[in-house]
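Numbering (my numbering), first residue to last: 342 to 524.
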């Protein structure tokens, strides 16, 4: 997987940018406009989602989109402008699963520097076992830890979060987890 396409043109004046270390004391190459001298910074994207639970089961969604069509995931997606991480996580849960939830605390922050992403998952309590999956989801279903198709989980960030969720559940206390996926 690769990072986003590099910036080619200045967002201020439209001139072609060059990648170089700016003259302002910065140490990293940036997209710099030689015409208007605007420096363009490229930052990680946030992926936000929930670990929606009902009793001893969690809700997973079978993906109806690429990447990883047909694989299982927690309801999550890219954060939108003008929303908080919690609002984005709740929105994604509604869009992908049609699930009504009560939001809980932030549970995991998973850094994926290789693809320029940070994944944030919140604990959530399902208000019912009725779901209305959106177009991105083939099926939304509840699983116990033993029922989860672990070899069909779409993303390492989701598997990592689920493993920590069930470990905390067995221990009887939920913590906050920060994980770096660097390989």
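C-beta: ideal position from N, C-alpha, C; glycine also.
* **Euclidean distance between Cα positions of residue 297 and residue 524** => The question about residue 297 has no answer, for the chain in this structure spans 342 to 524.
* Asked: Nearest to residue 412 by alpha carbon, out of 509, 493, 385 and 349?
  -> As a position in the chain shown, residue 412 is number 71, starting the count at 1. Comparing Cα-Cα distances from residue 412 to each of 509, 493, 385 and 349, the minimum goes to 493.
* To do: Could you please give me the residues that DSSP links to residue 403 through a beta bridge?
  => As a first step, residue 403 is located in the chain shown; it is residue number 62 there, counting from the start. According to DSSP, residue 403 bridges with 413 and 480.
* Can you have a look at residue 349 and say buried or exposed, based on whether 16 or more other CB atoms are within 10 angstroms of its CB? => Here residue 349 refers to the residue found at position 8 of the chain shown. Classification for residue 349: exposed.
* Reference residue 400, options 380, 428 and 417, closest by Cα -> By 1-based counting over the chain shown, the position of residue 400 is 59. Answer by Cα proximity: 417.
* Asked: What is the residue span of the alpha helix (DSSP H) that residue 507 lies within?
  -> As a position in the chain shown, residue 507 is number 166, starting the count at 1. Unbroken alpha helix (DSSP H) run through residue 507: 497-512.
* Got a sec? Which residues, its chain only, sit under 7 angstroms from residue 551 by beta carbon, not counting five neighbours each side? -> Any question about residue 551 goes unanswered here, given that the chain covers just 342 to 524.
* By DSSP, does residue 454 sit in helix, in strand, or in coil? -> Against the chain shown, residue 454 aligns to sequence position 113. Here residue 454 sits in helix by DSSP.
* Does the beta-carbon of residue 429 have 16 or more other beta-carbons within 10 angstroms, so that it is buried, or is it exposed? -> Numbered from 1 along the chain shown, position 88 holds the residue referred to as residue 429. Classification of residue 429: buried, given that the 10 Å Cβ count is 16 or more.
* **Collapsed DSSP secondary structure at residue 370 in the structure displayed** => Here residue 370 refers to the residue found at position 29 of the chain shown. Reduced to three states, the DSSP call for residue 370 is coil.
* Could you check what DSSP says for residue 430 in three-state terms: helix, strand or coil? => Numbered from 1 along the chain shown, position 89 holds the residue referred to as residue 430. The answer is helix: DSSP assigns residue 430 an H, G or I state.
* Asked: Under the rule that 16 or more other beta-carbon atoms within 10 Å means buried, what is residue 355, buried or exposed?
  -> Translated into the one-based positions of the chain shown, residue 355 becomes position 14. With fewer than 16 Cβ atoms within 10 Å of its Cβ, residue 355 is classed as exposed.
* To do: Tell me whether the beta-carbon of residue 518 lies closer than 9 angstroms to the beta-carbon of residue 450.
  => On the chain shown, residue 518 is found 177 positions in, with the first residue counted as 1. On the chain shown, residue 450 is found 109 positions in, with the first residue counted as 1. Yes, they are a contact pair.
* To do: Decide yes or no for the touch test of the stretch 425-440 against the stretch 466-482: beta carbon pairs closer than 8 angstroms, at least 3 of them.
  => yes
* To the nearest whole angstrom, what separates the beta carbons of residue 463 and residue 391, a pair I think is in contact under 8 angstroms? -> Counting from one through the chain shown, the residue named residue 463 turns up at place 122. Counting from one through the chain shown, the residue named residue 391 turns up at place 50. About 5 angstroms; that satisfies the 8 angstroms criterion.
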